[in-house]
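Colleague: Going down the list, the protein sequences come from chains Z and E.
Residues in the first sequence are numbered from 3 upward in steps of one, following our numbering.
Residues in the second sequence are numbered from 75 upward in steps of one, following our numbering.
For each residue, glycine too, the CB sits at the ideal point set by N, CA and C.
Here you go, one structure.
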Amino acid sequence: MFNMEKRDKKLLIIIAVLALLAPFALNPFPTDSAMAQFNAGYPDLMQRFVIFGIFAIGFNILFGLTGYLSFGHAAFLGVGSYSAVWMFKLLSMNVVPAIFLSVIVAGLFSLVVGYISLRRSGIYFSILTLALAEMSFRLAYSVLTPITNGETGLQVYTNDPQILMGPDSPTVTHLFGLEMRSSYTLDIAGWSFDFAVGYYLSAIIMVAAFYLSIRIFRSPFGLMLRAVKSNQQRMNYTGLNTRPYALAAFVISGMYAGLAGGLLASMDPLAGAERMQWTASGEVVLMTILGGAGTLIGPIVGAGFIKYFENIFSKINNSVLHEWFGFLPDGLENGVIWVLEHFVGSGWHLTLGLLFMLIVTFLPGGLVEGGQRIAKRLRRKGADDDDAPGNKTPAE
Amino acid sequence: MNILEVKNINKRFGGLQALDNVNLNVVENTVHAIIGPNGAGKSTLLNVLVGKLIPDTGSVMFDGQSVLGRAPYEINQMGISRVFQTPEIFGDLSVLENMMIPCFAKRDGSFELNAMPPISGQKDIIERAEHMLEDMNMADKRHMHAAAMSRGDKRRLEIGMCLSQEPRLLLLDEPTAGMARADTNNTIDLLKQIKEERDITIAIIEHDMHVVFSLAERITVLAQGTPLVEDTPENIKGHPKVREAYLGETAV
Chain Z
3 MFNMEKRDKK LLIIIAVLAL LAPFALNPFP TDSAMAQFNA GYPDLMQRFV
53 IFGIFAIGFN ILFGLTGYLS FGHAAFLGVG SYSAVWMFKL LSMNVVPAIF
103 LSVIVAGLFS LVVGYISLRR SGIYFSILTL ALAEMSFRLA YSVLTPITNG
153 ETGLQVYTND PQILMGPDSP TVTHLFGLEM RSSYTLDIAG WSFDFAVGYY
203 LSAIIMVAAF YLSIRIFRSP FGLMLRAVKS NQQRMNYTGL NTRPYALAAF
253 VISGMYAGLA GGLLASMDPL AGAERMQWTA SGEVVLMTIL GGAGTLIGPI
303 VGAGFIKYFE NIFSKINNSV LHEWFGFLPD GLENGVIWVL EHFVGSGWHL
353 TLGLLFMLIV TFLPGGLVEG GQRIAKRLRR KGADDDDAPG NKTPAE
Chain E
75 MNILEVKNIN KRFGGLQALD NVNLNVVENT VHAIIGPNGA GKSTLLNVLV
125 GKLIPDTGSV MFDGQSVLGR APYEINQMGI SRVFQTPEIF GDLSVLENMM
175 IPCFAKRDGS FELNAMPPIS GQKDIIERAE HMLEDMNMAD KRHMHAAAMS
225 RGDKRRLEIG MCLSQEPRLL LLDEPTAGMA RADTNNTIDL LKQIKEERDI
275 TIAIIEHDMH VVFSLAERIT VLAQGTPLVE DTPENIKGHP KVREAYLGET
325 AV
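Okay, here's the thing in structure tokens:
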């Protein structure tokens with residue numbers, strides 16, 4: 003089934019199961035315990051995990067396979083969001099046409115950007131993508147205001163045409179009547195688990211996107227992309243035109259970004275230009291490298307890691323720290339808190355930066371490499387006998 | 075019959091006349107060596123043949139078709155494969171994957187968006203690549219990381235990759251440069267074997283006289299961007315002009 007190797011099938015099943023059970027897995031602490039603030043199992047955050055997972059999976063097809071480092075992928079995400087909101091404004095609040103259009107428009111836009119920037123490689127390519135994305139960002143604020151609604155951001159108003167809107171159609175985003183924000187809450191003992199429609203739609207699309215990326219990685223096309231990264235000279239002298247290969251990878255990853263943008267807008271029908279800013283482009287680069295560029299699950303791990311930090315660490319404020327270190331003598335408590343407060347709350351970027359440095363220095367293959375090392379050590383401890391031959395194929 | 079006809083090629087880099095009215099004919103199914111001292115224009119000529127450089131004037135016909143103005147990958151698809159001075163292989167890939175890439179290029183052309191079917195289902199390509207590795211005596215290394223191999227093995231793999239495309243003309247740019255004697259002799263034997271087993275024309279640029287005289291059937295001597303003589307190895311060895319230009323006056 004699915005035309006995949008056993009190892010990849012296992013990986014896909016693990017991801018699918020994790021995505022399905024995320025509301026449980028991410029809520030390990032009872033609601034009113036002191037640790038509850040480390041719970042990540044609320045729909046809004048879980049949606050971010052999987053949507054940015056899609057973004058990073060797509061980015062990895064370009065960066066992980068071909069080595070072309072784009073610094074402008076947030077532009078495609080932004081374009082995807084705008085297209086989706088326009089669908090809400092013109093047709094109805096159904097997410098299907100919105101998501102569909104966001105992928106198409108982002109694909110076309112990335113075709114143009116890719117065609118221009120792939121004339122160069124290395125750092126010049128990166129700078130070209132950065133420049134084009136910043137240009138889109140500035141345009142969204144200025145000339146393109148009629149389309150983007152400038153600083154206010156694009157949103158749905160009651161006097162929008164919405165030609166497919168029936169008299170009793172839902173006025174919030176929905177999938178054929180199933181409202182994105184509706185959710186079911188399950189209370190067991192002290193725990194509370196939320197199952198939201200929006201999250202599950204995003205999660206199912208993420209699993210499908212992950213499946214597609216496995217297929218691409220294992221296809222002849224994927225092999226060619228790795229060859230682009232390895233030696234373009236040899237490719238050219240082997241009768242292969244590297245340009246369309248790199249461009250195809252660029253467009254595919256742009257479509258993934260558009261899909262993520264469309265989903266973001268489907269969860270919350272708003273689109274602002276800040277989604278296209280270079281910091282957002284940098285974030286997906288961080289996610290991919292942190293998780294492990296060129297590996298299959300690395301980008302998902304990286305996306306989850308960064309989004310977790312962004313949402314959980316940034317919520318730890320002074321009063322929380324005082325609660326934690328209340329047992330210390332006053333002078334010491336204030337000292338410890340004075341140091342730590344720079345690393346949490348609005349200073350979470352500092353923690354992220356430190357972690358990023360540590361990981362890139364000691365685990366150049368990202369968190370996936372860390373996991374592999376631990377697994378290897380455990381296996382060696384368990385049994386020394388199974389030294390599988392032919393494990394030369396890259397990336398789990 | 076001439077498979078390659080080079081006529082009146084001129085190439086200037088600033089004040090340097092790198093190629094000065096070069097004419098060269100390579101006969102089908104022969105081994106043709108191009109020799110000459112440093113700076114004679116050998117590499118420039120080779121770069122013209124593979125499409126990396128465009129000459130100022132002149133024409134290059136391969137099998138009746140002009141190669142000038144075509145990109146390297148197009149010229150390769152016409153049937154000219156190039157082996158580099160330093161082996162150019164896909165270092166990050168396995169040896170088998172290295173061999174599969176030219177097989178895909180041969181089967182699918184210069185671009186094919188084959189993004190869904192898994193590689194493991196491409197039986198014809200795998201079979202072809204495995205077969206070629208056996209021919210090159212490298213079957214046992216198929217799962218090795220290509221970058222981890224010795225230079226001699228990398229050279230062998232690169233030649234195998236070129237041959238798997240079944241080129242009509244194989245261009246070799248100093249294939250034994252920087253190699254130990256044993257590796258050099260292995261490469262000579264490999265090339266001899268290739269010549270015996272296949273219908274292929276080989277053009278070789280070489281510094282090492284031992285290699286040239288063990289392989290070549292025709293030799294062109296280049297000096298200062300101009301062909302001095304073209305003849306059989308026996309005649310070249312004794313040619314006074316060649317001694318003067320290439321081997322130096324003190325040579326025996």
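(1) Would you grab the beta carbon distance between M212 of chain E and G226 of chain E for me? Rounded to a whole angstrom, and I think it's under 8 Å.
(2) So, is the C-beta of F51 of chain Z closer than 8 Å to a C-beta in chain E?
(3) Tell me, which residues are paired with E181 of chain Z by DSSP?
(4) Exposed or buried, N309 of chain E, counting other C-beta atoms within 10 Å across all chains shown (16 or more means buried)?
(5) Under a three-way DSSP split, which group does K126 of chain E fall into?
(6) With a threshold of 16 other CB atoms inside 10 Å of the CB of I268 of chain E, please say whether the residue is buried or exposed.
(7) Between which two residues does the alpha helix (DSSP H) carrying I278 of chain E extend?
(8) In angstroms with no decimal places, state the Cα-to-Cα distance between S268 of chain Z and I318 of chain Z.
(9) Going along chain E in order, which residues have a C-beta closer than 8 Å to the C-beta of E7 of chain Z?
(10) Less than 8 Å between the CB atoms is what I'm expecting for K116 of chain E and G110 of chain E, so what's the real figure, rounded?
(11) Quick check on this structure: which residue in Z:F223, Z:L180, Z:Y44, Z:G179 has the alpha carbon closest to the alpha carbon of A189 of chain E?
(12) Among the candidates E:M210, E:T250, E:C177, E:Q151, whose CA atom is the shortest distance from the CA of H281 of chain E?
(13) Residues bridged to M135 of chain E by DSSP?
(14) DSSP state of P249 of chain E, grouped into three classes?
(15) Tell me, please, whether the CB atom of L357 of chain Z is closer than 8 Å to any CB atom in chain E?
(16) Measure the C-alpha to C-alpha separation of K311 of chain E and A297 of chain E and round it to an integer number of angstroms.
(17) Applying the criterion that 16 or more other CB atoms from any shown protein chain within 10 Å of the CB defines a buried residue, is S224 of chain E buried or exposed?
(18) Could you tell me which chain E residues have their CB closer than 8 Å to the CB of V159 of chain Z, listed as they occur along the chain?
(19) Identify every residue that forms a DSSP beta bridge with E304 of chain E.
(20) Straight-line CA distance for R56 of chain E to I262 of chain E?
(21) Which of the three DSSP states, helix, strand or coil, is assigned to H324 of chain Z?
(22) So is Y159 of chain Z buried or exposed if we call it buried at 16+ other beta carbons inside 10 Å?
(23) Please list the segments of the alpha helix (DSSP H) lying wholly inside the segment 355-386 of chain Z, counting only runs of 4 or more residues, in order along the chain.
(24) Give me whichever residues DSSP pairs with N96 of chain Z in a beta bridge.
(25) Since P271 of chain Z contacts V87 of chain Z with CB under 8 Å, what's their CB separation in whole angstroms?
(26) Given a limit of 7 Å on CB to CB distance, which residues of the segment 237-258 of chain Z reach chain E?
(27) What do you get for Y258 of chain Z, buried or exposed, if any count of 16 or more other CB atoms within 10 angstroms of its CB means buried?
(28) Since G293 of chain Z and F307 of chain Z should fall inside the 8 Å C-beta cutoff, what is the C-beta to C-beta distance between them, to a whole number of angstroms?
(29) Can you tell which of Z:V105, Z:T131, Z:H344 has its C-alpha closest to the C-alpha of L71 of chain Z?
(30) Span of the alpha helix (DSSP H) holding H205 of chain E?
(31) Using the C-alpha atoms, what's the distance from P172 of chain Z back to L334 of chain Z?
(32) DSSP three-state label for D189 of chain Z, please.
(33) Would you call the CB atoms of Y239 of chain Z and R156 of chain E closer than 8 Å?
(34) Buried or exposed: which applies to M95 of chain Z, given that a residue is buried once 16 or more other Cβ atoms fall within 10 Å of its Cβ?
(35) Quick check on the burial criterion: 16 or more other C-beta atoms within 10 angstroms. Buried or exposed for F158 of chain E?
(36) What is the rounded straight-line gap between the Cα of D305 of chain E and the Cα of T294 of chain E?
Modeller: The relevant details are as follows:
(1) Their Cβ separation, rounded to whole angstroms, is 11 Å, which puts M212 of chain E and G226 of chain E out of contact at 8 Å.
(2) no
(3) Z:H176
(4) exposed
(5) coil
(6) buried
(7) Careful: I278 of chain E lies outside any alpha helix (DSSP H), inside the beta strand (DSSP E) at 275-279.
(8) 29 Å
(9) P192, S194
(10) 5 Å
(11) Z:F223
(12) E:T250
(13) E:E79, E:S140
(14) coil
(15) no
(16) 16 Å
(17) exposed
(18) Position check: residue 159 of chain Z holds Tyr in this sequence, whereas Val was assumed. Result: empty, since nearest Cβ-Cβ is about 41 Å, beyond 8 Å.
(19) E:T294
(20) Chain E is shown from 75 up to 326; residue 56 of chain E falls before or after that span and cannot be answered.
(21) helix
(22) exposed
(23) 368-384
(24) Z:H176
(25) 6 Å
(26) N238, Y239, T240, G241, L242, N243, P246, Y247, A250
(27) buried
(28) 7 Å
(29) Z:T131
(30) 197-209
(31) 56 Å
(32) strand
(33) yes
(34) buried
(35) buried
(36) 7 Å
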